[in-house]
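*Asks:* The numbers in UniProt numbering rise by one with no breaks, and the one at position 59 of the sequence shown is 59. Ideal placement from N, C-alpha and C gives every residue a C-beta, glycine not left out. Take this structure, written in structure tokens, and hold onto it; I'll ask about it next.
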Amino acid sequence: MTTSNGQLLPTSAGVDATASTSDYEEVEETFYVVCDLHRQLNARDLQANPSAQYALMGMDTDTPYLQYNGTTFRGEYEDSVGTQLIFYPRTQDADGLEEADQPKAELDYLTHTTKVLRFYPVTLKSKAPQETPAD
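Set out below in structure tokens:
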């Protein structure tokens with residue numbers, strides 16, 4: 001077994017290092033990452049068009065891509081300066097309250113990360129057809 005920096009770790013006494021992968025159950029992990037769209041899009045743009053189509057491709061690669069409303073972005077993972085905290089809005093039942101009486105949005109802590117996925121706009125071009133050598 002190796003760590004992310006290539007150091008070997010000893011195998012636990014209770015683990016059969018020769019066992020096939022079918023002997024283990026599959027575990028799904030969730031990773032959170034902060035996306036920086038490099039001032040191309042901001043929260044107001046996203047809120048103004050909540051039904052906009054987007055596609056994230058290659059999130060498990062070194063250079064993922066994002067397509068949003070016809071614009072393509074190429075991503076690069078970077079270490080952030082400090083720790084990025086991730087929160088989600090707390091759901092509250094606001095039925096029957098006047099608009100002025102409704103509470104401000106409250107947030108709950110979800111997790112933190114030290115990675116940022118920075119997206120830069122790119123222009124995609126069609127590949128030129130390859131010429132086949134004549135016989």
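Determine the burial state of Leu37: buried for a count of at least 16 other Cβ atoms within 10 Å of its Cβ, exposed for fewer.
*Replies:* Answer is buried; the Cβ neighbour count reaches 16.
*Asks:* In angstroms, rounded to a whole number, what distance separates the CA positions of Thr111 and Ser126?
*Replies:* Rounded to the nearest angstrom, the two C-alpha atoms are 40 angstroms apart.
*Asks:* Tell whether a beta-carbon distance below 7 angstroms holds between Tyr68 and Arg74.
*Replies:* The answer is no: Cβ separation not under 7 angstroms.
*Asks:* Decide if Leu41 is buried, meaning its Cβ has at least 16 other Cβ atoms within 10 Å, or exposed.
*Replies:* Buried, since its Cβ has 16 or more Cβ neighbours within 10 Å.
*Asks:* Thr61 and Thr83 - do their beta-carbons sit closer together than 7 angstroms?
*Replies:* Result no, Cβ atoms of Thr83 and Thr61 do not sit closer than 7 angstroms.
*Asks:* Taking Cβ positions, are Leu117 and Tyr54 nearer each other than 7 angstroms?
*Replies:* Contact: no.
*Asks:* Going by the DSSP bridge assignment, what does Tyr77 pair with across the sheet?
*Replies:* Answer is Leu117, bridged to Tyr77.
*Asks:* Which of helix, strand or coil does DSSP assign to Ala55?
*Replies:* Residue state, collapsed to three classes: strand.
*Asks:* So what's Asp45 in DSSP terms, helix, strand or just coil?
*Replies:* Residue state, collapsed to three classes: helix.
*Asks:* By Cβ distance below 8 angstroms, which residues in the same chain neighbour Gly58 in space, the five residues on each side in sequence not counted?
*Replies:* Here the set comprises Pro64 and Tyr65.
*Asks:* State the start and end residues of the unbroken beta strand (DSSP E) segment that holds Tyr68.
*Replies:* Its beta strand (DSSP E) spans residues Tyr65 to Tyr68.
*Asks:* According to DSSP, is Asp36 helix, strand or coil?
*Replies:* Three-state DSSP puts Asp36 in a strand.
*Asks:* Just to confirm, are Asp105 and Pro121 a CB contact at a threshold of 7 angstroms?
*Replies:* The residue asked about is misnamed: residue 105 is Ala in this sequence, not Asp. No, the pair does not count as a contact, with Cβ atoms beyond the cut-off.
*Asks:* Just the Cα atoms here: how many angstroms apart are Gly70 and Gln47?
*Replies:* When rounded, the distance between both Cα atoms is 17 angstroms.
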